[in-house]
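**Q** Residue numbers (numbering that gives the first Met the number 0), protein chains in the order written: chain A, 0 to 381; chain B, 0 to 534. Glycine included, C-beta positions come from ideal geometry on N, C-alpha and C. What you are looking at is a predicted structure, and each value in this text was computed from that prediction instead of being measured.
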Amino acid sequence: MKKYGKILTILTFLLVLVGCWDMVEIDRRLFVGIVGIDVSDEPNKYTFHFSIPIAREIMGGEGGGGGGGVGGESVSQITTEAYSLIDAARNLALRINRDMYFEHMRIVVISEEVAKKGLKDVLNPFARQTEFNRRSRIAICDGKAEKVMQVKPWAEKLKAEYMESLYASRVMSGKFIQMDLGDFFHNLYTQNGSTLVSKITPNGTEVNIGGAGVIKNFKFIGWLNEEETQGINFFLGKVRGGEIVAEDIGGTGTVTFTILGEKAQLSLKTAEPIPEFDFKAYVTGDIASTSHAVTYDHDKLGTKYIEELEKVISEEIKAQILKGIKRLQEDYRVDLLKLNEHLKKYRPDLWKIYEEDWEDIFPQVSIEVDVKTSIKNVGILR
Amino acid sequence: MTNIFSKLYNNKKEELFFERDMSPDKSRKLKTNIGENLRIVNEYLSDCDDVITRNFYMGQGGKHQMSLMFIDGMVQMQTVQDDILKPLMLFTRQFPLEYNVGEKFFNMVKEGLLTAGDVKEIDNFGEVILGILSGDTILFIDKMEKALIISTRGWEKRGVQEPSTEAVIRGPRDGFTETYRTNVALVRRRLKDPNLKVKTIKLGRHTRTDVGIMYIKGVAKPSIVDEVLKRLNTVDISTVLESGYIEQMIEGDWLSPFPQLRRTERPDVVAASLIEGNVAILCDNTPFALIAPTTFLSLFQSPEDYYERWYIVSMIRILRFIAGFFAFTFPALYIAMTTFHPGMLPTDLVLSIAAAREGVPFSAVVESLIMVIALEVLREAGVRLPGPIGQTIGIVGGLVVGEAAVRAGIVSPIMVIVVAVNAISSFAIPNYSVAIGFRLLTFILMALAGVAGLYGIMLGLLGLTIHLVTLKSFGAHYLSPFVSFRFSESKDTLIRGPMPSMEIRPGYTRPQDLDRINDRRHDTIDKAGDESADQ
């Protein structure tokens, strides 16, 4: 009987304690979609922007008591100046009666200026706290972050969803950096504060996510354009889609090649005095269009033509890769090609020697790039 | 705990005519004088106007005085008239009766005159009274210390109809009735096996209800049969009106929300269980038979599972388990997800739930409680009302009130969906007792979710698992075959394997004879048939 008495007591506690822990009704929360960070006029302070969808407006004002205004903004933006994100949330608690909730955060936008000052302190809470969505994207914005927050996408109601789904697109995956907050911190903290980060460019009703920002030692140092980004993505073996446009055989126009997949292979060729690497990429894809007319004549698009085409496309990809490498080696002098990781993994003995001066050695490293393309499909009609 | 109950009963034992084992009455022998006998019987059955006594004389000069006693309405008057009164009073006039009063005459009446089917001698008042009350007819003969009991039982009864709580699409349509003998016959018809044993005992000091246990000798484990008999014999209860009385008295853990005996209205289910080594308990006056031991899985099974093809059945079974899960967790999951972990839901869903809840005056827990309780009330109201009105209640309650409540902003539309899914899921469980048990668990899980979110739900599910793992039904693990798992038994669990592959009987009953299918004749027949058809 004692046992059942205990069970009864626990059950009674249950009834009394309902809602005692960190329970917040869903309609008492604000689901932050975008966090934007700008520099502030005051030293050491930042301007934080939070983009918050208004559920009532998004869902067309239905449900609950009475409909909302028809012309109302579906997403509202709150701005505050604070020393850190947590400080900002505290400040807002004085102004807003609902709880800020960050697990539906979709993207963190950091302005170029903030990134130039350094990312260590401003991103610290995102890495430290559990309540931030680790699958959120992070991007550095060309200009002020506020501009990105004020973009009004014409197709979507929710800005955050709009930007998130841009990153989810596979088709153009070579030309931007596919990386979430978790990966970002992983890269940042395992590579001495250097990583590539997505670039976001606001443009009225749209944003452009092409290109990349280079972060060295927790500080933003410059941009890569779309082609260079694609080159580095090729080098890292991350390209799963997108198009390569090259000049067609015979100079009659252009040929468009759709990438289906890529395999990258990096190997150390010579270790001393300066390491030399051998890089091989195997790219597969389809021919999307050529400058030749569609014909039933088999000779026009025969094996020989395809072989030549493969070479042309390989050259084009190789050029992109080399451009990317050159930019990193000469302009930014930062190893984002994960060569250091390769050495660390496969030649730890060498890495011990190079580790100290890798920043100086990296620009001198020579990499031999070899690209092999294979065309799987040329379309229904030749 | 059963001790406490039996003590209670023992303390206020009434002055009853029938003692449990009937010994005092059996010892009270019949007298020689018919008048004396009738007087004693009438003493017992005083103020019972439905008891009819028919005195008559037989033989020339009325030298043989006789008396018939029976209860009007419980006997077949046709049998009494044609097989008892007519032979004794009419036919004996056509030839002289040589015998005088005595043993020879008594035997002649019993063996030569009565044309009724079942006639037995009795010599004590206990059997006389019980016989009369059970619908038999008693024939007293003067100068004899014995009487004849003639089986004339027959009363108004419901015919064999389709079972209303366990309807099937494919399968036999006959269900048990309120008559014990009919029910036994329905099972016997399916198992023409001399090893099918039926043992009848009488339970209930007032009701003297026939309770029978059925099992197949050589299949059912003797210790389980003994255990069932033992438990039945310990039942000391004044009334047995339904098998539910027995079920609750003999089940092992009466605090558990899960029934430890499976109840069924279908003779085919009983027959199938008997073959698997179970013991069935049939009870007079109720169409519900009990099956012991029972496993958790068997409560999710329908007889149709074995009649339909195995692909379909396997899919339906998996659906049932999913429904079973939602039947007790869905409102709790809703509470946990929306109030503790909105990060686990897709953003669009979160926003739509948030928008729907805007303006709802109650917290999610209270809102869920209101809706779930309202639904329980609705269900209860619908069950009690006669058919057409019950449907009306469903429409009024479900559609009108629900819609109006949403319009008025008392509950959110999402909540209506949650509760509806919860209710429909619980009705997808074939066994009503389990479904109701699950609905009870809903409330506990909701409270846990309200306190600690998903963490609370996990705690609740853990507690439930611990309870189920330790629960036993007549010595069999309630969760078998998952407890003490054997792969060969897994074919008839979450899915149902093809019939030819189910070569052995389930092991939880520890059957003496494990073979269900002796060889894979099915395969050879099939292939041979196909080949000959090809040629």
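(1) Could you check whether the stretch 393 to 404 of chain B touches the stretch 348 to 359 of chain B, counting it as contact only if at least three pairs of C-beta atoms, one from each stretch, sit closer than 8 Å?
(2) On the DSSP bridge assignment, give the partners of A:S172 in chain order.
(3) Would a C-beta distance cut-off of 7 Å place B:L288 and B:T263 closer than the cut-off?
(4) Using the Cβ count rule (16 or more neighbours within 10 Å means buried), how would you classify A:G66?
(5) Looking at the secondary structure, which residues open and close the beta strand (DSSP E) in which B:L289 lies?
(6) Residues of chain B with CB closer than 7 Å to the CB of A:P52, please, in chain order.
(7) Is the stretch 294 to 301 of chain B close to the stretch 193 to 206 of chain B, with three or more CB pairs under 8 Å?
(8) What residue range does the alpha helix (DSSP H) around A:H341 cover?
(9) Kindly indicate if chain B contains any beta-carbon less than 7 Å away from that of A:R332.
(10) So with Cβ pairs under 7 Å, would you call A:I9 a contact of chain B?
(11) Closest to A:F233 by C-alpha separation, out of A:L336, A:R89, A:S110, would be which residue?
(12) Within 8 Å, do at least three Cβ pairs link the stretch 214 to 223 of chain A to the stretch 190 to 197 of chain A?
(13) Report the neighbours of A:N132 on chain B: residues whose CB is nearer than 9 Å to its CB, in chain order.
(14) Taking 6 Å as the cut-off, does the CB of B:M68 come closer than this to any heavy atom belonging to the ligand ZN?
(15) How about A:K174 and A:E225: do their beta carbons lie closer than 7 Å?
(16) Residues of chain B with CB under 9 Å from A:V107, in chain order?
(17) Look up A:K375 in the DSSP assignment and say whether it is helix, strand or coil.
(18) Taking C-beta pairs closer than 8 Å, name the residues in chain A that B:L254 reaches, listed in chain order.
(19) Given that A:F219 touches chain B, what residues does it touch there, using C-beta distances under 9 Å?
(20) Assign A:I243 to buried or exposed, taking buried as 16 or more other Cβ atoms, counted over all protein chains shown, within 10 Å of its Cβ.
(21) If we define contact as Cβ-Cβ less than 7 Å, is B:D20 a contact residue for chain A?
(22) Would you grab the beta carbon distance between B:D141 and B:V100 for me? Rounded to a whole angstrom, and I think it's under 8 Å.
(23) Reducing DSSP to helix, strand and coil, say where B:F4 ends up.
(24) Alpha carbon to alpha carbon, how far is B:S22 from B:T164?
(25) Measure from the C-beta of B:T346 to each C-beta in chain A and report whether the shortest distance is under 7 Å.
(26) Where does A:C140 land, buried or exposed, given buried means 16+ other C-beta within 10 angstroms?
(27) On the three-state DSSP scale, how would you describe A:T46?
(28) Give the straight-line distance between the Cα atoms of B:S42 and B:S66, rounded to the nearest whole angstrom.
(29) Can you tell me whether DSSP reads A:L180 as helix, strand or coil?
(30) For B:A476 and B:R509, what's the separation of their Cα atoms in angstroms?
(31) Confirm, please, whether the CB-CB distance from A:Q328 to A:P362 is below 7 Å.
(32) Only counting runs of 4 or more residues, tell me where the alpha helix (DSSP H) segments fall wholly within the stretch 337 to 361 of chain B, in order along the chain.
(33) So A:R338 packs on A:L349, CB below 8 Å; how close in whole Å?
(34) Can you tell me where the alpha helix (DSSP H) with A:E163 in it begins and where it stops?
(35) Counting C-beta neighbours from all protein chains within 10 Å, is the total for A:E61 16 or more, i.e. buried, or is it exposed?
(36) Would A:D26 count as contacting chain B if we go by Cβ distances under 7 Å?
**A** From the atom records:
(1) no
(2) DSSP lists no partner for A:S172.
(3) Residue identity differs from the one stated: residue 288 of chain B is Ala in this sequence, not Leu. Yes, these two residues count as a Cβ contact at 7 Å.
(4) Confidence is the limiting factor: at A:G66 the pLDDT is only 40, short of 50, which leaves the residue's position unreliable, though a coordinate-based value still follows. Looking at its Cβ environment, which holds fewer than 16 other Cβ atoms inside 10 Å, A:G66 is exposed.
(5) 288 to 291
(6) L350
(7) no
(8) 338 to 345
(9) no
(10) no
(11) A:L336
(12) yes
(13) G342
(14) By its list of ligands, the structure shown contains no ligand whatsoever, and the ligand ZN lies outside what it can speak to.
(15) yes
(16) Per Cβ cutoff of 9 Å: no residues; A:V107 is ~16 Å from chain B at best.
(17) strand
(18) Y3
(19) None at all; the shortest Cβ gap to chain B is about 29 Å.
(20) buried
(21) With a pLDDT of only 43 at B:D20, under 50, the local geometry of the prediction cannot be trusted, and the value read off the model is given with reservation. B:D20 does not count as touching chain A.
(22) 7 Å
(23) Note on B:F4: pLDDT 48, under 50, position unreliable in the model; no value is reported.
(24) A caution first: B:S22 carries a pLDDT of 39, below 50, which makes its placement in the model unreliable, though a value can still be read off. Looking at the two C-alpha atoms, the distance is approximately 41 Å.
(25) yes
(26) buried
(27) strand
(28) Reading off the sequence shown, one finds Glu at residue 42 of chain B, where the question assumed Ser. Their Cα atoms are separated by approximately 16 Å.
(29) helix
(30) Note that residue 476 of chain B is His in the sequence shown, not Ala. Cα-Cα distance, rounded: 11 Å.
(31) yes
(32) 346 to 356
(33) First, the amino acid is wrong: residue 338 of chain A is Leu here, not Arg. Going by Cβ atoms, the distance from A:L338 to A:L349 rounds to 11 Å, so no, they are not a contact pair.
(34) 158 to 166
(35) Its pLDDT being 45, under 50, A:E61 is placed unreliably in this model, and the coordinates cannot settle the point.
(36) yes
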